[in-house]
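Enquirer: Position one of the sequence shown corresponds to residue 382 (my numbering), numbered consecutively onward. I have a structure I would like to understand better, so I am pasting it below and will then ask my questions one at a time.
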Amino acid sequence: MNGTICRTCRKVVFDDNAALVELGVVVDSKYGVGSVANKVWDIRVWNGKVYRAAGDYDKNTGKAMIAAYDIKNCAWDTSFSASDNAIHGFEVIGGKLVAPGVDATESWDYGNYYVLGDDGKWQKIRNLPNGVHCFDMIQCGDKVFAGLGTEKVANTVAVSEDGGNTFTFAPLYKDGAPYDVSDFQMSRTYEFVQLDGKCYALMYFKTKTGYNRWYIFGYEDGKMHYLSDGTKLTERSSFSRKYFGGEFEFNGKCYITARGLYAIDDFTDPAKWNTISMPNNGKVSDALMWDGALYVLTSRQDSTTKLYHTVIYKSTTGEKGSFEEVASYDYGGFPMCFDYDGEHFYVGTGLHAIDSSKLGMVLRVKPN
Numbered sequence: 382m383n384g385t386i387c388r389t390c391r392k393v394v395f396d397d398n399a400a401l402v403e404l405g406v407v408v409d410s411k412y413g414v415g416s417v418a419n420k421v422w423d424i425r426v427w428n429g430k431v432y433r434a435a436g437d438y439d440k441n442t443g444k445a446m447i448a449a450y451d452i453k454n455c456a457w458d459t460s461f462s463a464s465d466n467a468i469h470g471f472e473v474i475g476g477k478l479v480a481p482g483v484d485a486t487e488s489w490d491y492g493n494y495y496v497l498g499d500d501g502k503w504q505k506i507r508n509l510p511n512g513v514h515c516f517d518m519i520q521c522g523d524k525v526f527a528g529l530g531t532e533k534v535a536n537t538v539a540v541s542e543d544g545g546n547t548f549t550f551a552p553l554y555k556d557g558a559p560y561d562v563s564d565f566q567m568s569r570t571y572e573f574v575q576l577d578g579k580c581y582a583l584m585y586f587k588t589k590t591g592y593n594r595w596y597i598f599g600y601e602d603g604k605m606h607y608l609s610d611g612t613k614l615t616e617r618s619s620f621s622r623k624y625f626g627g628e629f630e631f632n633g634k635c636y637i638t639a640r641g642l643y644a645i646d647d648f649t650d651p652a653k654w655n656t657i658s659m660p661n662n663g664k665v666s667d668a669l670m671w672d673g674a675l676y677v678l679t680s681r682q683d684s685t686t687k688l689y690h691t692v693i694y695k696s697t698t699g700e701k702g703s704f705e706e707v708a709s710y711d712y713g714g715f716p717m718c719f720d721y722d723g724e725h726f727y728v729g730t731g732l733h734a735i736d737s738s739k740l741g742m743v744l745r746v747k748p749n
């Protein structure tokens, strides 16, 4: 393992043949060594660069840095900071890389999201009504959905029919009637997934007596319709960037990472939500699709060394028993998220680290 960063030009110097390379934490220059804001909430390879998310919206650590590593030039750009306390994920909307703003540092009249332009610069779009928190975004067909945390219960799914230029709230329904939210004091939409051209949302409600409720809603005819209890996907929680790690449609099913790998083809019946175990029974923190195959990031912590034995598996079918190891390593930081450029995996660490200076490290991993 090697990798040294020049403090002036941010270039990383390393042996290109090394199996494991530390590309740096880089955001610790803003947040300080060991800060919780250094976590790599998400990582995305896009147009020859590796983008990593950071920040903490609970501790309000300030404008979140979105750092970019240039794969060809082996150098980091840490010049951009969003007007939000945290960035938790990257999505693709209209063929553009988008970063939802998790906690606006400005007036709460509107929330933000950021679009990466063809010039490599981020543009802030500030048009999410009352969207102090924007947890997730998704494009489904000709519509764009934004999952919000607002000051009004139930106004948490904003829908755009003009490519994200304007948004309106989708009302909640259950059994054909407006959904009664009188018992709730707060609600949030944390995650979106899609299956067979339809958009589904994981929504959180807090009752006035302090109890948490998790439900799955589906979008149809301008409304969000209650489908089922979503507790099964949240009771185990995710080790990754959000409540879900990777989520995508593959071989006719929706695959969701939530401390396990779920394969779902019917959101109305939790009994049919199948968990697919990995060969080492490791903790699943993220998953992705690449060139028609499914890749899964897993880890197990050694009780003696405290190192995380991290294994990446591949499957071309997504079925139980079909996953084969394609990369592995041992490291002192928990693997939260990853991406792949066809040559190397890029892994973002967080949550825990033996050495606090390694918290939020980005690793380049060579396949076996």
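Backbone N, C-alpha and C define an ideal beta-carbon position, used for all residues, glycine too. This structure is a prediction, so every number in the text was calculated from the model and none was measured.
1) Would you mind working out which of 469, 543, 464 and 403 sits nearest residue 420, comparing C-alpha positions?
2) Taking the alpha-carbon positions, what's the residue 486 to residue 476 distance?
3) Since I believe residue 643 is in contact with residue 699 (beta carbons under 8 Å), could you give me their beta-carbon distance rounded to a whole number of angstroms?
4) With distances taken Cα to Cα, identify the nearest neighbour of residue 445 among 435, 537 and 452.
5) Is it right to say residue 592 is buried, meaning 16 or more other beta carbons lie within 10 angstroms of its own, or is it exposed?
6) What is the DSSP secondary structure of residue 477, reduced to helix, strand or coil?
7) Given a cut-off of 9 Å, decide if residue 743 and residue 519 are closer than it, judged by their beta-carbon atoms.
8) Grouping DSSP H, G and I as helix and E and B as strand, with all else coil, what is residue 667?
9) Please name the residue, chosen from 660, 664, 390 and 555, that lies closest to residue 610 on a Cα-to-Cα basis.
10) For residue 521, list the residues DSSP reports as bridge partners.
11) If the criterion is Cβ atoms closer than 9 Å, does the pair residue 570 and residue 608 meet it?
12) Quick one: is residue 546 buried, meaning 16 or more other Cβ sit within 10 Å of its Cβ, or exposed?
13) Taking all protein chains shown into account, decide if residue 440 is buried (16 or more other Cβ within 10 angstroms of its Cβ) or exposed.
14) What is the C-beta distance between residue 484 and residue 465, in whole angstroms, given that I count them as a contact (C-beta under 8 Å)?
15) Taking 9 Å as the threshold (C-beta atoms), are residue 631 and residue 349 in contact?
16) Going along the chain, which unbroken runs of the beta strand (DSSP E) with 3 or more residues stay wholly within the stretch 424 to 473?
17) Taking only the alpha-carbon atoms, compute the straight-line gap between residue 549 and residue 724 and give it to the nearest angstrom.
18) With DSSP as the reference, label residue 563 as helix, strand or coil.
Expert: With the structure as the only source:
1) Counting from 1 along the sequence shown, the entry for residue 420 is found at position 39. Here the closest residue by C-alpha is 469.
2) Here the question's residue 486 lines up with position 105 in the sequence shown. Here the question's residue 476 lines up with position 95 in the sequence shown. Straight-line Cα distance between these residues: approximately 27 Å.
3) Along the sequence shown, read from residue 1 onward, the residue named residue 699 stands at position 318. Along the sequence shown, read from residue 1 onward, the residue named residue 643 stands at position 262. Between residue 643 and residue 699 the Cβ distance is about 11 Å, and since that is not below 8 Å, they are no contact.
4) What you label residue 445 is simply residue 64 of the sequence shown in a count that begins at 1. Nearest C-alpha to residue 445: 435.
5) Here residue 592 refers to the residue found at position 211 when the sequence shown is read from its first residue. Looking at its Cβ environment, which holds fewer than 16 other Cβ atoms inside 10 Å, residue 592 is exposed.
6) Numbered from its first residue, the sequence shown carries residue 477 at position 96. In the structure shown, residue 477 sits in a strand (DSSP, three-state: E or B).
7) As a position in the sequence shown, residue 519 is number 138, starting the count at 1. As a position in the sequence shown, residue 743 is number 362, starting the count at 1. Against a cut-off of 9 Å, the Cβ pair of residue 743 and residue 519 comes out as no contact.
8) The residue you call residue 667 lines up with position 286 of the sequence shown. Here residue 667 sits in strand by DSSP.
9) Here residue 610 corresponds to residue number 229 of the sequence shown, with the count starting at 1. Of the candidates 660, 664, 390 and 555, the one whose C-alpha sits nearest the C-alpha of residue 610 is 555.
10) As a first step, residue 521 must be located in the sequence shown, where it is residue number 140. Paired residues: 524.
11) For the purposes of this step, residue 570 is taken as the residue at position 189 of the sequence shown. For the purposes of this step, residue 608 is taken as the residue at position 227 of the sequence shown. Contact flag unset, no.
12) Looking up residue 546 in the sequence shown gives position 165. That one is exposed.
13) Within the sequence shown, numbered from 1, the residue matching residue 440 stands at position 59. Classification of residue 440: exposed, given that the 10 Å Cβ count is below 16.
14) By one-based count along the sequence shown, residue 484 stands at place 103. By one-based count along the sequence shown, residue 465 stands at place 84. So it is a contact: roughly 5 Å between Cβ atoms.
15) Since the displayed the chain opens at 382 and closes at 749, residue 349 lies outside it and no answer follows.
16) 424 to 427, 430 to 433, 448 to 451 and 456 to 458
17) For the purposes of this step, residue 549 is identified with residue 168 of the sequence shown, where counting begins at 1. For the purposes of this step, residue 724 is identified with residue 343 of the sequence shown, where counting begins at 1. About 42 Å.
18) For the purposes of this step, residue 563 is identified with residue 182 of the sequence shown, where counting begins at 1. Coil.
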